[in-house]
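Peer 1: Just passing along the structure, written as structure tokens.
Okay, structure coming up:
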């Protein structure tokens with residue numbers, strides 16, 4: 001562990017020393033053998049809250065004894081992957097930072113701007129309510145809610161918000177605590193004013209809508225009421241009067257027979273339903289007239305405009321009218337009383353128009369005031385949001401820290417940082433010392449990684465990001481495990497192109513990917529829907545898949561299901577016409593010339609051959625098996641590099657060697673037989689069936705049938721390979737459990753091999769551990785009689801500690817600096833306690849895991865090889881479907897029955913149909929199918945051979961990243 005502070009070169013116990021940040025001084029307290037445990041307990045999670053804004057104390061000094069640091073042990077510096085690498089994740093360091101109260105806010109702000117720390121939650125066991133800064137966090141969440149409210153209101157009124165790029169966050173002016181308090185008061189006042197204006201505006205709009213609806217009721221009422229009078233007759237009853245009104249012959253009968261009218265406004269989508277309910281409820285004893293309104297009304301519930309209608313219901317009887325009103329109330333329909341007298345109706349209508357005009361004037365003024373207020377807020381909303389976002393996440397980080405007693409209210413932060421970002425961390429300390437105060441600077445201590453799994457940070461760019469996302473979707477790589485994303489850049493588009501091998505379709509796909517690449521600056525600034533966003537993220541994957549498909553299409557000699565070479569004179573086959581079954585027809589048979597081959601790719605002579613499918617099927621099937629075995633063997637070989645890097649070199653002997661032999665003894669041999677069969681001229685002979693050879697190799701070892709013979713000594717080679725297959729199964733099953741047993745029982749007679757020179761002095765197997773050191777480590781880890789106190793250096797450290805503790809007891813009446821020094825020392829010791837080593841797994845679990853691994857790997861050798869046959873199947877399906885689209889659709893535009901005058905139109909129409917289906921089916925649907933199958937081959941068949949995927953992602957404390965994520969989540973206007 002490195003501690004970035006130094007002491008004066010020589011001083012006595014009574015001297016005072018100033019605590020200063022440095023870069024390279026080494027102080028190791030990470031291992032049990034040299035750590036002094038303090039008997040003085042310190043409470044690092046004090047419930048009293050300390051403000052993170054404060055004044056700088058320029059005279060702060062600490063006093064402590066030199067003898068506590070008398071013995072120092074240096075650790076070997078880990079130089080692995082200190083530079084950026086695409087093969088493995090970035091190397092990490094675990095740092096513990098003590099931040100004084102005066103510079104807490106500024107330090108955390110700089111950490112958020114530089115995006116270099118993955119902060120560890122030291123209060124993971126605490127509930128959110130018990131965390132020290134929960135009240136401040138609630139305060140900033142409340143302010144954030146106010147800003148989100150403003151954003152919503154501004155968006156509803158279609159007012160543009162000034163934009164702020166994420167990379168410009170670091171240039172915003174810094175806010176003090178006083179500025180934050182003033183901003184909070186200002187925002188609260190603005191929200192009250194905006195809410196009042198919005199409420200007033202909504203009330204005025206609702207009044208306007210009600211008056212407008214009533215106006216339309218009065219305007220439509222006369223058209224709903226019949227203007228034709230019927231003759232007065234004393235014998236006319238109420239039913240006859242209703243029938244007369246329904247037939248348009250009864251305007252004055254309403255007064256004579258007291259027929260009531262109920263009028264109102266209803267949404268057009270509910271008008272038919274309401275009329276049907278009235279008819280079924282009153283059995284047709286009411287008259288319902290409905291007229292449309294030529295105006296749209298705003299619905300405050302659905303936040304949308306809708307069309308409405310005026311309805312007028314005529315009925316007789318008080319009870320019937322009550323039921324109609326209850327039914328209207330259940331549907332929340334506004335009802336309006338209409339004057340029965342025509343003159344009164346006209347007078348009331350004029351009054352309504354006047355009131356509407358007055359309300360419109362007031363409403364317009366209210367809208368203008370609200371618009372001006374929101375416009376002024378929109379100009380500063382983005383800056384306010386960025387400031388509050390910073391403060392809010394600073395307190396989120398503070399809730400992950402512990403308070404430190406010896407810094408008088410400071411905090412202790414523990415985080416992961418990459419090797420190459422340590423310089424940035426040191427620059428922040430230097431900046432604080434230069435610009436604020438040289439005596440109140442963070443103290444950075446580098447800790448040893450004891451049993452903790454560091455996060456994984458894969459360095460990517462915009463080209464490799466898409467491929468890395470494919471790997472991360474399977475699982476985040478274990479720390480510094482080999483990253484398959486670097487290999488996926490080549491293998492993924494290649495295996496895709498094997499299934500999608502058509503140069504024409506590849507050109508279309510590459511053009512689409514290229515368009516997305518050229519528009520990336522424009523599209524990256526916009527909010528995209530889910531599908532477009534996925535395509536945009538994988539734009540380089542699409543482009544690479546298109547380029548590789550062009551290449552494989554050339555190999556297949558396939559472009560939109562047609563050959564590049566249209567003349568058979570370029571083929572190496574000679575065609576001879578022979579009479580067919582019918583004497584009218586002849587059959588052309590091709591004979592290959594000896595010693596000649598087509599220049600590049602598939603010979604065009606096979607394009608229209610009657611047995612082309614048989615030949616191409618055989619070619620692609622065998623090619624798929626070869627690609628699959630190479631791909632899986634490469635995955636198995638990657639284990640070697642992981643084992644060497646993580647010093648698990650015994651796995652090379654126990655797992656890699658048997659797995660490699662197990663996979664290639666049968667299926668690697670099959671690949672060699674395929675190549676042998678391709679290179680042999682079988683003219684005049686029957687080529688052997690490779691499937692039968694492999695089956696008989698297992699069922700009848702040592703016997704080779706005459707029609708299966710391919711080379712001299714075939715039976716002996718097959719017996720040896722079969723024996724290796726069986727031996728490696730037991731090798732893989734038993735070797736590793738036996739090694740674990742021997743290491744856990746070093747004194748057993750079955751473990752004497754562990755002390756042979758090859759294992760104790762060899763750099764390969766011994767990992768730089770020699771003789772006595774090996775025995776000491778084994779005893780330390782597995783022998784109950786081993787006592788680390790007997791170590792000489794550890795004993796000296798403990799005696800020094802006891803001596804210093806006695807001296808401190810004698811000087812209890814010293815000044816405040818001495819007390820601060822004592823508390824600091826105890827805090828350092830307690831907070832640097834080494835972590836417990838992981839408990840050993842039970843031996844039975846290891847045996848069971850190895851049994852499962854052996855069975856799984858053995859069966860996967862068969863199933864995964866068969867899985868790669870999907871390369872052949874999808875390639876065949878793609879070629880045949882493309883041929884059907886060309887032959888059955890595109891060529892129909894050239895039919896002989898089409899007149900020559902119409903030929904241009906038919907060609908254009910059928911070409912458009914063919915091109916649309918090609919893009920929709922061949923490029924989109926078939927491309928998605930090939931993509932998913934390729935993804936399966938990488939996740940299961942390839943990654944399953946070496947990739948653990950049990951890590952967790954490096955998530956830096958970054959204002960820029962947080963801002964972009966919240967912006968993408970609609971927290972900030974686009």
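In full-length UniProt numbering, the protein residues as written are 1 to 974. Virtual Cβ for every residue (Gly too), placed ideally from N, Cα, C. Bear in mind that the values here come from a model prediction, so they are computed numbers and not experimental data.
1. Tell me where the beta strand (DSSP E) around residue 98 begins and ends.
2. Excluding the 5 residues preceding and the 5 following residue 263 in the sequence, name in chain order all residues of the same chain whose CB lies nearer than 6 Å to its CB.
3. Taking the alpha carbon of residue 921 as the point to measure from, which residue in 431, 373, 183 and 500 has its own alpha carbon closest?
4. So residue 455 and residue 952 are in contact, right, with Cβ under 8 Å, and what is the actual spacing, rounded?
5. What number of angstroms, rounded off, separates the C-alpha of residue 223 from the C-alpha of residue 291?
6. With DSSP collapsed to three states, give me the class of residue 351.
7. Just tell me which of 146, 163, 266 and 161 has its CA closest to the CA of residue 194.
8. Might you give, ordered along the chain, the residues of its own chain that have their beta carbon closer than 6 Å to the beta carbon of residue 275, omitting 5 neighbours on each side?
9. So what does DSSP say about residue 284, is it helix, strand or coil?
10. Examine the Cβ distances between the region 478-490 and the region 523-535 and report whether three or more of them are shorter than 8 Å.
11. Near residue 950, what residues of its chain come up, given a Cβ to Cβ distance below 6 Å and the 5 sequence neighbours on each side ignored?
12. Given a threshold of 16 other Cβ atoms within 10 Å of its Cβ, counted over all protein chains shown, does residue 414 qualify as buried or as exposed?
13. Out of curiosity, what's the CA-to-CA distance linking residue 633 and residue 487?
14. Sort 128, 333, 200 and 524 by Cα distance to residue 363 and report the nearest one.
15. Check whether the Cβ atoms of residue 434 and residue 100 sit closer than 7 Å, and answer yes or no.
16. Take residue 377 and list the residues in its own chain whose beta-carbon comes closer than 6 Å to its own, dropping the five residues that flank it on each side.
17. Please state the DSSP three-state secondary structure of residue 477.
18. Roughly how many angstroms separate the alpha carbons of residue 651 and residue 864, rounded to a whole number?
19. May I have the straight-line CA-CA distance separating residue 345 from residue 213, to the nearest angstrom?
20. Roughly how many angstroms lie between the CA atoms of residue 403 and residue 963, to the nearest whole one?
21. Distance, Cα to Cα, residue 355 vs residue 211?
22. Among 543, 924, 132 and 329, whose alpha-carbon lies nearest the alpha-carbon of residue 518?
23. Taking only the alpha-carbon atoms, compute the straight-line gap between residue 968 and residue 961 and give it to the nearest angstrom.
24. If you run the structure through DSSP and keep just helix, strand and coil, what is residue 102?
25. Taking only runs that begin and end inside the region 424-478, name each unbroken alpha helix (DSSP H) of 4 or more residues, in chain order.
26. Roughly how many angstroms separate the alpha carbons of residue 443 and residue 422, rounded to a whole number?
27. Straight-line CA distance for residue 875 to residue 108?
28. Quick one: grab the DSSP three-state call for residue 322.
29. How big is the Cα-Cα spacing for residue 954 and residue 665?
30. Mapping the DSSP letters down to three states, classify residue 264 as helix, strand or coil.
31. My guess is that residue 466 and residue 506 are in contact by the Cβ rule of under 8 Å, so how many angstroms apart are they, rounded?
32. Could you give the first and the last residue of the continuous alpha helix (DSSP H) run that contains residue 128?
33. Look at residue 446 and residue 740 and say whether their C-beta atoms are less than 7 Å apart.
34. Using alpha carbons as the reference points, say which of 314, 297, 318 and 316 lies closest to residue 308.
35. Could you pull out every residue in the same chain whose Cβ sits closer than 7 Å to the Cβ of residue 60, ignoring the five residues on either side in sequence?
36. If you compare alpha carbons, which of 457, 514, 893 and 103 is closest to residue 87?
Peer 2: Here's the rundown:
1. The count along the chain shown starts at 1 and reaches residue 98 at position 98. Residue 98 -> beta strand (DSSP E) spans 92-99.
2. The sequence position of residue 263 within the chain shown is 263, counting from 1. These residues qualify, in order along the chain: 217, 312, 336 and 338.
3. Your numbering for residue 921 matches position 921 in the chain shown. Residue 921 has its Cα closest to that of 500, out of 431, 373, 183 and 500.
4. Sequence index remark: in the chain shown, residue 455 carries index 455 (1-based). Sequence index remark: in the chain shown, residue 952 carries index 952 (1-based). 6 Å between Cβ atoms; contact.
5. Translated into positions along the chain shown, residue 223 becomes position 223. Translated into positions along the chain shown, residue 291 becomes position 291. Taking the straight line from one Cα to the other gives about 9 Å.
6. Residue mapping note: residue 351 aligns to position 351 of the chain shown, counting from 1. If DSSP states are grouped into helix, strand and coil, residue 351 belongs with the helices.
7. Here residue 194 refers to the residue found at position 194 when the chain shown is read from its first residue. Out of 146, 163, 266 and 161, 146 has the C-alpha closest to the C-alpha of residue 194.
8. Start at 1 with the first residue of the chain shown, and residue 275 comes out as number 275. Answer for residue 275: 288, listed in chain order.
9. Here residue 284 refers to the residue found at position 284 of the chain shown. The answer is coil: DSSP assigns residue 284 none of H, G, I, E or B.
10. Taking 8 Å as the limit for Cβ pairs, the verdict is that the region 523-535 does not touch the region 478-490.
11. Position 950 of the chain shown, counted from the start, is the residue given in the question as residue 950. If we look at residue 950 and ignore the five residues flanking it on each side, its Cβ neighbours are 478.
12. On the chain shown, position 414 is the one that residue 414 refers to. Looking at its Cβ environment, which holds 16 or more other Cβ atoms inside 10 Å, residue 414 is buried.
13. Looking up residue 633 in the chain shown gives position 633. Looking up residue 487 in the chain shown gives position 487. Going by the C-alpha atoms only, they are around 14 Å apart.
14. Position 363 of the chain shown, counted from the start, is the residue given in the question as residue 363. The alpha carbon of residue 363 has as its nearest neighbour, out of 128, 333, 200 and 524, the alpha carbon of 200.
15. Your numbering for residue 434 matches position 434 in the chain shown. Your numbering for residue 100 matches position 100 in the chain shown. Taking 7 Å as the Cβ cut-off, residue 434 and residue 100 do not qualify as a contacting pair.
16. Taking the first residue of the chain shown as 1, we reach residue 377 at position 377. If we look at residue 377 and ignore the five residues flanking it on each side, its Cβ neighbours are 150.
17. Counting from one through the chain shown, the residue named residue 477 turns up at place 477. Of the three classes helix, strand and coil, the one that applies to residue 477 here is coil, per DSSP.
18. Here residue 651 refers to the residue found at position 651 of the chain shown. Here residue 864 refers to the residue found at position 864 of the chain shown. The straight-line gap from Cα to Cα measures roughly 23 Å.
19. Residue mapping note: residue 345 aligns to position 345 of the chain shown, counting from 1. Residue mapping note: residue 213 aligns to position 213 of the chain shown, counting from 1. Going from the Cα of residue 345 to the Cα of residue 213 covers about 15 Å.
20. For the purposes of this step, residue 403 is identified with residue 403 of the chain shown, where counting begins at 1. For the purposes of this step, residue 963 is identified with residue 963 of the chain shown, where counting begins at 1. Going from the Cα of residue 403 to the Cα of residue 963 covers about 28 Å.
21. For the purposes of this step, residue 355 is identified with residue 355 of the chain shown, where counting begins at 1. For the purposes of this step, residue 211 is identified with residue 211 of the chain shown, where counting begins at 1. In a straight line, the C-alpha of residue 355 is about 8 Å away from that of residue 211.
22. Against the chain shown, residue 518 aligns to sequence position 518. When only C-alpha atoms are compared, the closest one is 543.
23. Here residue 968 refers to the residue found at position 968 of the chain shown. Here residue 961 refers to the residue found at position 961 of the chain shown. C-alpha separation (whole angstroms): 11 Å.
24. Within the chain shown, the letter at position 102 stands for residue 102. Three-state result, residue 102: helix.
25. Counting only runs of 4 or more, we get 465-474.
26. What you label residue 443 is simply residue 443 of the chain shown in a count that begins at 1. What you label residue 422 is simply residue 422 of the chain shown in a count that begins at 1. In a straight line, the C-alpha of residue 443 is about 13 Å away from that of residue 422.
27. Along the chain shown, one-based indexing puts residue 875 at 875. Along the chain shown, one-based indexing puts residue 108 at 108. It is roughly 56 Å from the alpha-carbon of residue 875 to the alpha-carbon of residue 108.
28. As a working mapping, residue 322 is identified with position 322 in the chain shown. In the three-state reduction of the DSSP assignment, residue 322 falls in the helix class, which pools H, G and I.
29. For this step, residue 954 is matched to residue 954 along the chain shown. For this step, residue 665 is matched to residue 665 along the chain shown. Computed Cα separation, rounded: 41 Å.
30. Within the chain shown, numbered from 1, the residue matching residue 264 stands at position 264. Note: residue 264 maps to strand in three-state DSSP.
31. Here residue 466 refers to the residue found at position 466 of the chain shown. Here residue 506 refers to the residue found at position 506 of the chain shown. Not confirmed; about 18 Å, so no contact.
32. Working through the chain shown from its first residue, we reach residue 128 at position 128. Looking at the DSSP string, residue 128 is not in any alpha helix (DSSP H), and its letter there is neither H nor E.
33. Mapped onto the chain shown, residue 446 falls at position 446. Mapped onto the chain shown, residue 740 falls at position 740. Taking 7 Å as the Cβ cut-off, residue 446 and residue 740 do not qualify as a contacting pair.
34. For the purposes of this step, residue 308 is identified with residue 308 of the chain shown, where counting begins at 1. That would be 297, whose Cα lies nearest to the Cα of residue 308.
35. In the chain shown, counting from the first residue as 1, residue 60 sits at position 60. Reliability of the predicted coordinates at residue 60 is poor, the pLDDT of 36 falling under 50, and no value is obtained from them.
36. As a position in the chain shown, residue 87 is number 87, starting the count at 1. For residue 87, the nearest C-alpha among the options comes from 457.
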